[in-house]
């Protein structure tokens, strides 16, 4: 009658995962794409699907690519930091709108502010696969040569911004 | 500075001691057969309730009197905050909500001591002991990691104010309801664990657990619906469900609780699925605990999440392991002795109920998986992320369709054995009507869409089978009876069941139509401009500044008319809270039976013009109306004669009914099914 043990075993496995989950300081996990060229893309703009944004235009600049979606609550949490960062003008931020509905995404930007120089629509999530996205939000730091230098998984925090991302951006902009 | 917080603190410590007594003495007494020890459980539980209540009111007093020398008050309230929200702020923080949690648990425990006089002393002692253990866990958690009465010396001059999102009537009623539901499952849990310890799991066990489970389920249904209704107007973008981890944390126990009330019915009436029912009873509460852990430990990100602290997570996880792991180990050890119970054929009411049970559990498991997926990925070192509605909708819609189909079959089918052709004949008109409605109605409403059609198919199928079933029962009732008598001779639990099922149908209609035919316009409006939406004409008359108790706001004035007749002035607002400097949009909603007009003030554009978001949400109220019907159905079933505690000779009535069911289950059901 081992079947009565299944629930217990299942729970133990779950508890182990939860325990590991507790020890994780989330965010900032290395990605296989670090120090590799950022996959090039040319996708329609969220604001005007008739136009496309080509990532090649960004050569020679350090920029941030932030993947987000209107249905994603962690994105909502990190958003004010991007709005603040965009006002400071330190580094241009581009948005990658992941598997979203255009209307909802536009409304999201209207309600919460639009920190992005431009946002591209990745409606079917294909670009997300190229960038190895586990989900949203994720943020990439891309250097002048179009190489991914850093990836932040999960909502960005003030510390991550001050301690990791901004120093790295300054370093790369030198 | 008053001494009230210290009294509260002291009351919490006394409550902990009482809970420890309530846990240890009855359990030991039951094991050793000491009657006096077992009897102590009730008094200890009542004393525990008293002290938790004292602590709760001390905290509430500190909030109401703006005692900013209490850290919790200083961080979550403000002297400008209106009185009702100051009171609600008592449970607005992590610490305060734990006090509410404990208060609810103590309340349920006291209810058990009051309404369980007919339980054997041993069973009652074990139930109270298990509930005492849970109380100890939470009181200890509070006192060691999350003390709500910590002083702030010197006192703050002013408080930081309650999160504006929480400054809403929803905050006053939603958390207490939700917690009543969550915590209420602890009673069914305690009954299950007590039965496993005692080694006796029979139909009486199921009958004792049923009303408690049903009551908890009603509260949880109302709690979830209130949360959804609140999100609809307060989160400001008119959605009513976001698959947010915290919503899921309440929805998963609800799904399992729903499975549990059905499974308990079978265990009571037919003696079948007993080990499965016990497992569900353990799971429903375990999932409530898991939800608590997820929300408070910081392993997930959510709009709801409380400020987190690793110590809390470790404590809660350990507690989870002890309670859930312990009860599941007990289950693994004892469940084999439970036995299999009544046999039934592949096609029978039992098997339909069992399949629905499995479907509900699968639905719960997939929602849980989606919620925990980020944790798994993180634990495997792959990152931290959010699984969005695309996943949840993709798995949930097909499962709901299957569940709805089974819901139509179950109540109509016979216990034990059902002939399939007979069932088909009986339901052919319901099926035909549902298919016809599903195919044609969308054309009438507007555009034909597959999802709308599917949703309408589910809803009409449930609705028509409910009506059919009632009609059949009335028709077969003894023919000498007057028609009124035939209606009144059906039991309340039967009506409750049908009402709740109708609620599901109503809810599905709401979800389907609002998802399928929602309209929105984002317009830029100058003073004097008009916009038209769903037959309403909206005229923008400009904005004015208004001042609230703790905020300032821009209030739009929108004149609404329909067919040339003035209806009313709508006042959507954009508020800016003084202390937190957060801004909130407060939409104005014209609620109608067939749809809501939802008007929201956007941003000022230029020269007095404003951007405005206007939604038309057809049948959206039906979502919560359906939930209300479900809860009402549960309530109605709860008032059924056989659960009545203070009725005439409850003991004998219950016992004779049990005997009857045991002695001649065929006969008992035959009177209902045939004539």
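Protein chains in written order, with the working numbering: chain C, 1 to 174; chain V, 1001 to 1675. For glycine and all other residues, C-beta sits at the position ideal for the given N, C-alpha and C.
Among the options, nearest to residue i - alpha-carbon criterion
i: residue 1127 of chain V; options: V/1441, V/1039 and V/1353; result: V/1039
i: residue 1242 of chain V; options: V/1335, V/1252, V/1228 and V/1255; result: V/1228
i: residue 1526 of chain V; options: V/1469, V/1467 and V/1607; result: V/1607
i: residue 1151 of chain V; options: V/1579, V/1074 and V/1486; result: V/1074
i: residue 1239 of chain V; options: V/1230, V/1245 and V/1506; result: V/1230
i: residue 1500 of chain V; options: V/1416, V/1575 and V/1632; result: V/1632
i: residue 1456 of chain V; options: V/1433, V/1470 and V/1469; result: V/1433
i: residue 1410 of chain V; options: V/1426, V/1398 and V/1397; result: V/1426
i: residue 1512 of chain V; options: V/1408, V/1393 and V/1413; result: V/1393
i: residue 1213 of chain V; options: V/1311, V/1257, V/1179 and V/1076; result: V/1257
i: residue 1408 of chain V; options: V/1462, V/1635 and V/1498; result: V/1462
i: residue 1416 of chain V; options: V/1084, V/1344, V/1621 and V/1314; result: V/1344
i: residue 113 of chain C; options: C/79, C/61 and C/65; result: C/79
i: residue 1210 of chain V; options: V/1112, V/1348, V/1590 and V/1453; result: V/1112
i: residue 1032 of chain V; options: V/1078, V/1141 and V/1198; result: V/1198
i: residue 1283 of chain V; options: V/1139, V/1233 and V/1364; result: V/1364
i: residue 1206 of chain V; options: V/1011, V/1370, V/1268 and V/1503; result: V/1268
i: residue 96 of chain C; options: C/87, C/40 and C/172; result: C/40
i: residue 177 of chain C; options: C/7, C/147 and C/158; result: This structure leaves residue 177 of chain C out entirely; chain C is present only between 1 and 174.
Cα-Cα separation, residue i to residue j
i: residue 1019 of chain V; j: residue 1550 of chain V; result: 40 Å
i: residue 1602 of chain V; j: residue 81 of chain C; result: 21 Å
i: residue 1137 of chain V; j: residue 1262 of chain V; result: 30 Å
i: residue 1531 of chain V; j: residue 1554 of chain V; result: 20 Å
i: residue 1086 of chain V; j: residue 1060 of chain V; result: 8 Å
i: residue 1366 of chain V; j: residue 1466 of chain V; result: 28 Å
i: residue 1614 of chain V; j: residue 1572 of chain V; result: 11 Å
i: residue 1034 of chain V; j: residue 1401 of chain V; result: 53 Å
i: residue 1534 of chain V; j: residue 1616 of chain V; result: 7 Å
i: residue 1325 of chain V; j: residue 1585 of chain V; result: 45 Å
i: residue 1168 of chain V; j: residue 1273 of chain V; result: 44 Å
i: residue 1081 of chain V; j: residue 1164 of chain V; result: 10 Å
i: residue 72 of chain C; j: residue 1522 of chain V; result: 22 Å
i: residue 1490 of chain V; j: residue 1215 of chain V; result: 21 Å
i: residue 144 of chain C; j: residue 64 of chain C; result: 11 Å
i: residue 1333 of chain V; j: residue 4 of chain C; result: 8 Å
i: residue 1635 of chain V; j: residue 1250 of chain V; result: 20 Å
i: residue 1323 of chain V; j: residue 1509 of chain V; result: 39 Å
Residues sharing a beta bridge with residue i, DSSP
i: residue 37 of chain C; result: C/147
i: residue 1566 of chain V; result: V/1561
i: residue 152 of chain C; result: C/139
i: residue 1522 of chain V; result: V/1613
i: residue 1546 of chain V; result: V/1553
Secondary structure of residue i, DSSP reduced to three states
i: residue 138 of chain C; result: strand
i: residue 1541 of chain V; result: strand
i: residue 102 of chain C; result: helix
i: residue 1553 of chain V; result: strand
i: residue 1610 of chain V; result: strand
i: residue 1447 of chain V; result: coil
i: residue 170 of chain C; result: helix
i: residue 1648 of chain V; result: Confidence at residue 1648 of chain V is low in this model, with a pLDDT of 39, below 50, so its placement is unreliable and no value can be given for it.
i: residue 1634 of chain V; result: helix
i: residue 1593 of chain V; result: coil
i: residue 71 of chain C; result: coil
i: residue 121 of chain C; result: strand
i: residue 1273 of chain V; result: coil
i: residue 1573 of chain V; result: strand
i: residue 1356 of chain V; result: helix
i: residue 1532 of chain V; result: strand
i: residue 95 of chain C; result: strand
i: residue 1481 of chain V; result: coil
i: residue 55 of chain C; result: helix
i: residue 1602 of chain V; result: strand
i: residue 162 of chain C; result: helix
i: residue 1006 of chain V; result: helix
i: residue 42 of chain C; result: strand
i: residue 1118 of chain V; result: coil
> If you scan the segment 1048 to 1090 of chain V from start to end, which runs of the alpha helix (DSSP H) of 4 or more residues do you find wholly inside it?
Replying inline: 1071 to 1076 and 1083 to 1088
>> Runs of 3 residues minimum, wholly inside the segment 1386 to 1473 of chain V: which ones carry the beta strand (DSSP E) assignment?
In response: none
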